[in-house]
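A short worksheet on the structure shown next.
2 protein chains.
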Amino acid sequence: MADEALFQFLHSEIIQYVNSAETGESENGRCVSKLENMGFRVGQGLIERFTKDTPRFKDELDVMKFICKDFWTSVFKKQIDNLRTNHQGIYVLQDNKFRLLTQLSAGKQYLEHAPKFLAFTCGLVRGALSNLGVKSIVTAEVSVMPACKFQVMIQKI
Amino acid sequence: MADEALFQFLHSEIIQYVNSAETGESENGRCVSKLENMGFRVGQGLIERFTKDTPRFKDELDVMKFICKDFWTSVFKKQIDNLRTNHQGIYVLQDNKFRLLTQLSAGKQYLEHAPKFLAFTCGLVRGALSNLGVKSIVTAEVSVMPACKFQVMIQKI
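In order, the protein sequences belong to chains U and R.
The first sequence: position 122 = 122 (the working numbering), numbered continuously.
Counting the second sequence from 1 gives a position; the working numbering is that position plus 157.
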């Protein structure tokens, strides 16, 4: 419980700080991209530790399953609720109660703030995948809080 | 293990980001004070959760012991190694292997960077104490890494 709280509070502080530090015309975009970059580096670091003792992954799907189960549980204390793929390099990870959105009120008026609360995690996933040799673009969308979907588009090299 | 790593990586990202965002004449001072403020708010939040089910504290020393044992263990996975006081409102908390300094090389040339790595924690302690009704000033000093001492000066109201 302690650790979760620490992560959540730190995450909020970061959003608040980055949001206030990035002023200028395209501030919102820059804020989101800074947060995404932070997440990327943290994801890279974390996956190295997490996979230290795991056997080699069979394929891309195997990697995605690891992200949805082990990685997600370590960071967010629950698994991804649903993983779908078109078998052509697109994966959709659905979390029905995404931890970093649970502090936000569920009202529709807050939906516009959701990207700031998802950017770090998009980067986290992209960074983790990147260090497992999978290049990707990760986006997120929310329709009803606190449920949210992360879309991973694999970039074939 | 996962949680520790997450906290450490996030903490490093914050230092790096705040350090790069606060440019100007007195940049180093502002960086440290921003980090301290973040720590303060996180400390306030955490202590509320941690003390939800604990009995009321007897006195100031009782509060300090809680910080050194329970609070420190929750956040840094170990207790403070030594607590001293002059019984006149000054407490010195010594951590012989402070987690947030263990990533830094122990060379003397890095000592000047230590304040950035301690500011968040100073705020954390000040915030926690503040929400327990103890107003304080918290400073930190390092003589040999990764050992470090936090000095808490209670502000009598």
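For every residue, glycine included, the Cβ atom is placed at its ideal position computed from N, Cα and C.
Treat the numbers as computed from the prediction; the structure is a model and nothing was measured.
| Item | Value |
| --- | --- |
| Counting C-beta neighbours from all protein chains within 10 Å, is the total for THR278 of chain R 16 or more, i.e. buried, or is it exposed? | buried |
| Going by Cα to Cα distance, which pick from U:LEU35, U:LEU93 and U:GLN44 is closest to GLU141 of chain U? | U:LEU93 |
| Please state whether the Cβ-Cβ distance between PHE197 of chain R and GLY280 of chain R is less than 7 Å. | yes |
| Report back the beta-carbon spacing between GLN312 of chain R and LYS292 of chain R to the nearest angstrom; my notes put them in contact at under 8 Å. | 4 Å |
| How would you label CYS90 of chain U, buried or exposed, when you count the other beta carbons within 10 angstroms and need 16 or more for buried? | The sequence as given places Ile at residue 90 of chain U; Cys does not occur at that position. That one is exposed. |
| For chain U, find out if any of its Cβ atoms is closer than 7 Å to the Cβ of ARG187 of chain R; answer yes or no. | no |
| Using 10 angstroms around the beta-carbon of ILE172 of chain R, count the other beta-carbons present and answer buried if the total reaches 16, otherwise exposed. | buried |
| Check distances from the C-beta atoms of the segment 3-21 of chain U to those of chain R and list, in chain order, the residues that come in under 9 Å. | ASP3, GLU4, ALA5, LEU6, PHE7, GLN8, PHE9, LEU10, HIS11, SER12, GLU13, ILE14, GLN16, TYR17, VAL18 and ALA21 |
| Shortest alpha-carbon distance to ALA5 of chain U belongs to which of R:PHE233, R:ASN243 and R:GLY202? | R:GLY202 |
| Could you say which of R:TYR267, R:LEU275, R:PRO303 and R:LYS306 lies nearest to SER190 of chain R if we only look at CA atoms? | R:LEU275 |
| Out of R:ASP252, R:MET310, R:VAL232 and R:PHE214, state which residue places its alpha-carbon closest to the alpha-carbon of HIS168 of chain R. | R:VAL232 |
| So the alpha helix (DSSP H) CYS148 of chain U belongs to, where does it begin and stop? | Element bounds for CYS148 of chain U: not the alpha helix (DSSP H) but the beta strand (DSSP E), 148-154. |
| With a threshold of 8 Å, are at least 3 pairs of Cβ atoms found where one atom belongs to the segment 62-73 of chain U and the other to the segment 206-214 of chain R? | no |
| Using a Cβ cut-off of 8 Å, pull out every chain R residue sitting near GLY45 of chain U, in sequence order please. | ALA162 and PHE166 |
| At least one CB of chain R closer than 7 Å to the CB of ARG49 of chain U: is that the case? | yes |
| When we look at the beta-carbon of VAL125 of chain U and count the other beta-carbons within 10 Å, is it buried (16 or more) or exposed? | buried |
| Going by alpha carbons, who is nearest to PRO146 of chain U out of U:PHE98, U:LEU132, U:SER130 and U:VAL138? | U:PHE98 |
| Can you tell me whether THR73 of chain U is helix, strand or coil according to DSSP? | helix |
| Between the segment 70-92 of chain U and chain R, which residues of the former have a C-beta closer than 8 Å to a C-beta of the latter? | SER74 and VAL75 |
| Put ASP62 of chain U into one of helix, strand or coil per three-state DSSP. | helix |
| Would you identify the three-state DSSP class for GLU22 of chain U, choosing helix, strand or coil? | coil |
| Rounded C-beta distance between PHE214 of chain R and LEU286 of chain R? I'm assuming under 8 Å. | Not a contact, Cβ separation roughly 11 Å. |
| Using a Cβ-Cβ distance cut-off of 7 Å, determine whether VAL220 of chain R contacts chain U. | no |
| Buried or exposed for ASP59 of chain U, going by 16 or more other Cβ atoms inside 10 Å? | exposed |
| In angstroms with no decimal places, state the Cα-to-Cα distance between ASN243 of chain R and THR259 of chain R. | 29 Å |
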